[in-house]
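Number of protein chains: 2
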Amino acid sequence: MKNHSPLLLVTNDDGITAPGIKALIEVMSEIGTVIVVAPDKPQSAMGHAITINNTLYLNKISKEEDLITQYSCSGTPVDCVKMAVNEILKQKPDLCVSGVNHGSNSSINVIYSGTMSAAVEAGIEGIPAIGFSLLDYDWNADFEPIKKYIKKITLEVLENGLPEGVVLNVNFPKRKENEIKGIKICRQAKALWVEKFDKRETPQGRDYYWLSGTFVNQDKGEDTDEWALENDYISVVPVQFDLTAHHAMQQLNTLKWND
Amino acid sequence: MKNHSPLLLVTNDDGITAPGIKALIEVMSEIGTVIVVAPDKPQSAMGHAITINNTLYLNKISKEEDLITQYSCSGTPVDCVKMAVNEILKQKPDLCVSGVNHGSNSSINVIYSGTMSAAVEAGIEGIPAIGFSLLDYDWNADFEPIKKYIKKITLEVLENGLPEGVVLNVNFPKRKENEIKGIKICRQAKALWVEKFDKRETPQGRDYYWLSGTFVNQDKGEDTDEWALENDYISVVPVQFDLTAHHAMQQLNTLKWND
């Protein structure tokens with residue numbers, strides 16, 4: 014690890030009042046200097062959305078004497094990272110951590126997740142980044158069992174850095190501390206949500222819908238994040254933001270695009 | 014190509030009234046049966062956001078006698094694809110096309126793009142998909158020069174399919190038809206937006222911000238989408254939604270996660 018106290022940017026997508034981010038702030042303040050910039054309201058499933066057609070507000074919610082500086086932001090998780098880096102921080106942070114999300118961001122959920130999009134945005138800006146999620150959607154989820162693992166993973170990343178163009182997607186099973194078997198580097202399982210729209214009627218008789226769905230894991234591999242989590246391991250997936258399917262380029266080049 | 018008239022799902026992120034989607038519908042109706050499900054308002058830069066904490070509305074805006082069935086949806090581009098597949102279409106479409114976007118979705122823009130997220134969502138659901146974008150942000154952009162290329166690319170994909178887990182990100186340079194040099198299969202250029210927040214004051218004296226930024230291409234490669242577009246080619250990037258950085262797994266496995 015570098016000799017100075019590391020500068021740690023903390024964000025999330027459940028909003029700055031969520032117990033998950035409080036747990037994360039607690040662990041981070043044992044490691045370095047913490048700055049929090051998080052959404053002022055829940056922003057789950059916002060993906061990599063940014064605010065371009067609307068104004069953004071930033072509120073400093075910590076007092077001058079507080080040990081930890083905290084801002085809430087009216088935008089998305091990705092907006093929070095952009096505002097932190099460009100408007101608040103005077104130097105690039107050593108690490109950006111996002112979470113702890115109330116609920117899974119394993120497998121295909123990484124695509125929809127505001128938590129992970131914040132980490133990916135930091136990665137794009139050249140900041141090592143980790144998204145943490147606990148497989149418990151309850152607002153009163155117990156984050157105690159995972160705190161020592163969050164600290165271990167964070168210290169490991171501060172010590173060794175991350176490969177270029179890669180951020181980590183860390184998911185924790187909902188288990189007691191002594192039931193967790195350890196940390197596994199995994200690939201993203203092939204999975205999807207099969208939607209079932211719940212159709213209802215407004216008091217005025219107009220149809221409307223609620224999105225709901227069932228998670229379907231199509232992947233039987235034992236090297237996936239889903240397998241790890243089902244078997245009481247913490248899953249760590251290296252996530253990239255170069256979306257090019259390099260393996261497909263040769264096949265596509267055999268087609269007659271320019272005839 | 015299959016013998017039946019292909020079923021083509023059309024969506025976008027600029028909203029159902031945008032000239033770009035009208036151009037796309039025009040080309041698609043020369044190829045097969047067209048169903049349009051597109052946002053009822055602009056949804057640019059929404060990334061892979063979905064609507065889970067709010068209601069969704071769907072409006073059939075075409076008349077019974079119209080040749081093309083069109084729905085507007087109150088949600089994001091990804092919501093549109095989910096609603097089309099699960100609520101509107103009785104069979105899986107042969108192809109989903111998204112766009113034509115008013116503005117670039119090349120390189121890192123793919124991450125923020127609602128246009129591309131719609132295509133990616135279709136891909137996740139096992140539907141071949143293409144996102145089309147023109148490097149012209151003008152509402153009155155001229156889509157005529159690119160129509161024959163949209164048709165060519167669409168027919169090629171209907172004829173040959175796409176590699177599993179891959180959708181196409183197609184960007185067109187703002188050029189006359191005879192100035193376009195052809196179609197190139199490319200990788201996503203390494204690039205980012207460097208933000209500059211424009212700080213203003215409300216009439217009541219409260220600070221607010223507008224997000225704005227400068228696009229920075231850090232990639233000198235001649236095999237990238239940015240290079241192709243600057244040199245008057247149409248760029249086609251195969252995009253994947255398995256975000257695992259497989260190349261980084263070995264390196265990460267050398268760290269001491271479980272000591």
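Order-wise, the sequence lines are chains G and Z.
As numbered in the numbering used here, residues 14 to 272 make up the first sequence, in order.
As numbered in the numbering used here, residues 14 to 272 make up the second sequence, in order.
Each residue gets a CB set at the ideal place from its N, CA and C atoms; glycine is no exception.
These numbers were taken from a predicted model, which means no experiment stands behind them.
For this session: Please confirm whether G/A58 and Z/I65 have their CB atoms less than 8 Å apart.
Result: Here residue 58 of chain G corresponds to residue number 45 of the first sequence, with the count starting at 1. Here residue 65 of chain Z corresponds to residue number 52 of the second sequence, with the count starting at 1. Cβ atoms of G/A58 and Z/I65: closer than 8 Å.
Exercise. Which residue's Cα is closest to the Cα of G/P273: G/R213, G/I166, G/P52?
Worked result: The requested residue 273 of chain G does not occur in the structure, where chain G is confined to residues 14 to 272.
For this session: Return the chain-ordered list of same chain residues with a C-beta closer than 8 Å to the C-beta of Z/I124, the five sequence neighbours on each side being excluded.
Result: Stepping through the second sequence from its first residue, residue 124 of chain Z is reached at position 111. Within the same chain, Z/I124 has close Cβ partners G60.
Problem set entry | Collapsed DSSP secondary structure at G/G226 in the structure displayed | Position 213 of the first sequence, counted from the start, is the residue given in the question as residue 226 of chain G. Judged by DSSP in its simplified three-state form, G/G226 adopts strand.
Exercise. G/H115 to G/G33, Cα distance in whole Å?
Worked result: Taking the first sequence and counting its residues from 1, one reaches residue 115 of chain G at position 102. Taking the first sequence and counting its residues from 1, one reaches residue 33 of chain G at position 20. Near 6 Å, if we compare the C-alpha coordinates of G/G33 and G/H115.
Problem set entry | Helix, strand or coil at Z/G178 according to DSSP, with G and I counted as helix | By one-based count along the second sequence, residue 178 of chain Z stands at place 165. Z/G178 falls in the coil class under three-state DSSP.
Exercise. On the three-state DSSP scale, how would you describe G/T89?
Worked result: Looking up residue 89 of chain G in the first sequence gives position 76. Three-state DSSP puts G/T89 in coil, outside helix and strand.
For this session: Give the residues of chain Z in contact with G/Y150, contact being defined as C-beta atoms less than 8 Å apart.
Result: Within the first sequence, numbered from 1, the residue matching residue 150 of chain G stands at position 137. Identification of chain Z residues near G/Y150 by a Cβ-Cβ cut-off of 8 Å yields none; the smallest Cβ-Cβ distance measures about 11 Å.
Problem set entry | Secondary structure of Z/K165, DSSP reduced to three states | Indexing the second sequence from 1 puts residue 165 of chain Z at position 152. In the structure shown, Z/K165 sits in a helix (DSSP, three-state: H, G or I).
Problem set entry | Short Cβ contact (8 Å threshold) for Z/F185 with Z/I159 | Locating residue 185 of chain Z in the second sequence gives position 172, counting from the first residue. Locating residue 159 of chain Z in the second sequence gives position 146, counting from the first residue. Yes. Within cutoff.
Exercise. Would G/G88 be called buried (16 or more neighbouring beta carbons within 10 Å of its own) or exposed?
Worked result: As a first step, residue 88 of chain G must be located in the first sequence, where it is residue number 75. Buried: at least 16 other Cβ atoms inside 10 Å.
For this session: Return the chain-ordered list of same chain residues with a C-beta closer than 7 Å to the C-beta of G/C199, the five sequence neighbours on each side being excluded.
Result: Taking the first sequence and counting its residues from 1, the one referred to as residue 199 of chain G is at position 186. Hits under 7 Å: D236, T237, D238, A241, S248, V249, V250.
Exercise. Of the choices Z/G174, Z/C86, Z/W152, whose alpha-carbon is the least far from that of G/A261?
Worked result: Counting from one through the first sequence, the residue named residue 261 of chain G turns up at place 248. Comparing alpha-carbon positions, the option among Z/G174, Z/C86, Z/W152 lying closest to G/A261 turns out to be Z/G174.
Exercise. For G/C199, which beta-bridge partners are listed by DSSP?
Worked result: Here residue 199 of chain G corresponds to residue number 186 of the first sequence, with the count starting at 1. DSSP lists no bridge partner for G/C199.
Problem set entry | Unbroken alpha helix (DSSP H) run spanning G/I124, endpoints | Your numbering for residue 124 of chain G matches position 111 in the first sequence. That run of the alpha helix (DSSP H) goes 122 to 125.
Exercise. Is G/H61 helix, strand or coil by DSSP?
Worked result: As a working mapping, residue 61 of chain G is identified with position 48 in the first sequence. Per DSSP, reduced to three states, the secondary structure at G/H61 is coil, with no helix or strand assignment.
For this session: Examine the Cβ distances between the stretch 228 to 235 of chain G and the stretch 202 to 218 of chain G and report whether three or more of them are shorter than 8 Å.
Result: yes
Exercise. In chain G, which residues lie less than 8 Å from Z/D255 when you measure between Cβ atoms?
Worked result: Taking the first residue of the second sequence as 1, we reach residue 255 of chain Z at position 242. Under the 8 Å cutoff, chain G gives R200, Q201, K203.
For this session: With DSSP collapsed to three states, give me the class of G/N244.
Result: The residue you call residue 244 of chain G lines up with position 231 of the first sequence. G/N244: coil per DSSP, three-state reduction.
Exercise. Which of helix, strand or coil does DSSP assign to Z/I193?
Worked result: As a working mapping, residue 193 of chain Z is identified with position 180 in the second sequence. Coil at Z/I193, not helix or strand.
Problem set entry | Contacts that Z/H61 makes with chain G (C-beta to C-beta distance below 9 Å) | Translated into positions along the second sequence, residue 61 of chain Z becomes position 48. Simply A58, M59, G60, H61, A62, I124, Y125, S126, S130.
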